[in-house]
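Numbering (my numbering), first residue to last: 5 to 142.
Have a look at the structure below, then the notes.
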């Protein structure tokens, strides 16, 4: 069974065929045309999901991925991360260059580290009790 798959920097836009890869643990879709991630909700073993530089805006379908630990949403259209509050195993969330402004729904997730490139957001989110790391995109 396939455990890791990278389709980054390809022309892929439809991830529906991936929904049958039930043992997949790592999926890399960065720099693709993907916008709809709902078929990925079937990937219950997924631990790493790289969606940076995609057209993704809705993360609700990812809320059922209970094994998800690493989620890269950098440079996406995502603005609401509240659906991710159900992911208690989540460890690393990359939100640099996104429209996300409120991460308070995630503050109960133990050991979660949120990454941003925006100093003001980092201060605000840190004040809300989150572990926030400021990263630079040079």
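Note that beta-carbon positions come from the ideal geometry of N, C-alpha and C, so glycine has one too.
All of these numbers come straight from a predicted model, not from anything done at the bench.
Rounded to whole angstroms, the separation of the alpha carbons of residue 19 and residue 12 is 12 Å. Burial is judged here by how many other beta carbons sit within 10 angstroms of a residue's own beta carbon; residue 34 has at least 16 and is buried. For residue 127, the enclosing alpha helix (DSSP H) begins and ends at 123 to 131. Here DSSP, grouped into helix, strand and coil, assigns residue 97 to strand. The C-beta of residue 139 has fewer than 16 other C-beta atoms within 10 Å across all chains shown, which makes the residue exposed. Counted as a single uninterrupted DSSP element, the stretch harbouring residue 25 is not any beta strand (DSSP E), since DSSP gives it neither H nor E.
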